[in-house]
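First up is the structure itself, then whatever we jot down about it.
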Ligand code: NAP
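In my numbering, the protein residues as written are 4 to 247.
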């Protein structure tokens with residue numbers, strides 16, 4: 004059984020670790036961060052070259068688990084199409100979103116989040132990754148923004164914005180101290196779910212900050228979805244040919 008895990012998340016690394024002694028695991032990373040946490044087993048890095056490239060790559064695999072980040076929708080859509088066309092079984096492993104809080108303001112896009120943040124305060128903390136950071140500039144150029152990223156954003160950021168570089172997981176004490184140190188009054192985040200980045204939500208609640216949450220884009224396919232690595236392991240085992 005040759006399994007391809009589309010990764011870039013903690014869950015993808017956990018899944019590789021749980022399966023590496025059972026099947027031939029290859030994890031695929033986009034290559035976005037300079038020093039990625041590497042999963043065990045084989046690793047390939049970089050895009051496949053759209054649907055045609057992924058279809059070609061699928062000749063080497065018997066099944067695929069899409070364990071990319073819930074906001075990595077381009078990769079997920081390509082996987083859906085390529086696996087359908089190549090008749091390769093596909094499972095999506097997606098951590099659930101955070102349980103909604105009545106005080107949080109939900110929006111659908113980074114642009115809407117930027118406007119909502121400007122309405123919610125003057126010292127926003129943007130915890131949204133680096134790829135879409137530039138979309139926040141028009142609405143928040145006058146604000147004292149704190150943005151946290153793993154690697155530097157490709158686009159130039161306003162001089163007076165503070166960009167800090169770090170990688171989770173984070174602690175409640177650390178997040179509380181960060182929000183206090185920068186006198187943050189509004190937090191902007193994606194609905195990433197999971198525990199790695201949850202402490203900032205807890206700290207924001209304690210400090211009574213406004214919170215803006217970017218909703219996950221809806222999936223429009225019927226790929227089976229599981230929410231735990233245990234369920235994904237079971238799916239993989241159930242797709243192994245007899246005797247493996
Ligand atoms: P995306 O918009 O869905 O993907 C854009 C393109 O990047 C894909 O078409 C593919 O290129 C390549 N790609 C993405 N994930 C890949 C993977 N696992 N292996 C090989 N190629 C991949 O994805 P993204 O939002 O840029 O995210 C990139 C990676 O970062 C993902 O692995 C994701 O799990 C991780 N990540 C994303 C976020 C987020 O908020 N988006 C947060 C944390 C981690 P080709 O078309 O050339 O194949």
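A virtual CB, placed ideally from N, CA and C, is assigned to each residue, including glycine.
Close Cβ partners of residue i (< 8 Å) along its chain, the five nearest in sequence each way excluded
i           : result
residue 240 : 25
residue 205 : 175, 178
residue 152 : 132, 133, 136, 166, 167, 168
residue 67  : 6, 7, 8, 9, 61, 82, 86, 91, 92, 93, 94
residue 232 : 14, 17, 18, 21, 96
residue 192 : 130, 131, 200, 203, 204, 214, 215, 216, 217
Neighbourhood of residue i by C-beta distance below 6 Å, restricted to the same chain and skipping five residues each side
i           : result
residue 197 : 98
residue 142 : 117, 118, 121
residue 246 : Because the pLDDT at residue 246 is just 49, under 50, the model does not fix this residue reliably, and the point stays unresolved.
residue 76  : 220
residue 226 : 83, 93, 95
residue 200 : 171
residue 4   : 26, 65, 243, 247
residue 190 : 128, 207, 212, 214
residue 69  : 9, 79, 82, 95
residue 210 : 182
Proximity test, residue i beta-carbon vs ligand 2 heavy atom, cut-off 7 Å
i          : result
residue 81 : Looking at this structure, you won't find ligand 2 anywhere; what it does contain is ligand 1.
For residue i, the three-state DSSP class (helix, strand or coil)
i           : result
residue 55  : helix
residue 216 : strand
residue 226 : coil
residue 233 : helix
residue 98  : coil
residue 9   : strand
residue 93  : strand
residue 77  : helix
residue 115 : helix
residue 135 : coil
residue 87  : helix
residue 206 : helix
residue 124 : coil
residue 82  : helix
residue 246 : For residue 246, the predicted structure reports a pLDDT of 49, less than 50, and the residue's modelled location is therefore unreliable. A value from the coordinates is still provided. Here residue 246 sits in coil by DSSP.
Distance cut-off 7 Å: residue i Cβ against heavy atoms of ligand 1
i           : result
residue 133 : no
residue 12  : yes
residue 213 : no
residue 121 : no
residue 171 : no
residue 193 : yes
residue 76  : yes
residue 31  : yes
residue 35  : yes
residue 9   : yes
Residues that residue i bridges to, as DSSP identifies them
i           : result
residue 130 : 192
residue 108 : 215
Sequence-distant residues of the same chain with beta carbon closer than 7 Å to residue i, five excluded per side
i           : result
residue 88  : 58
residue 194 : 100, 101, 216, 217, 218, 219
residue 23  : 43, 44
residue 163 : 147
Below-8 Å beta-carbon distance, residue i vs any chain C residue
i           : result
residue 212 : The chain labelled as chain C is not found in the depicted structure, where only one protein chain is given.
Query raised in the report: Which parts of the region 139 to 203 are runs of the alpha helix (DSSP H), unbroken and 4 residues or longer, counting only runs that do not cross its ends?
Result: Counting whole runs of 4 or more residues, the region 139 to 203 contains the alpha helix (DSSP H) stretches 140 to 143, 175 to 184.
Report task. Could you pull out every unbroken alpha helix (DSSP H) segment of at least 4 residues lying fully inside the region 11 to 68, listed in chain order? Result -> Correct list: 13 to 22, 53 to 60.
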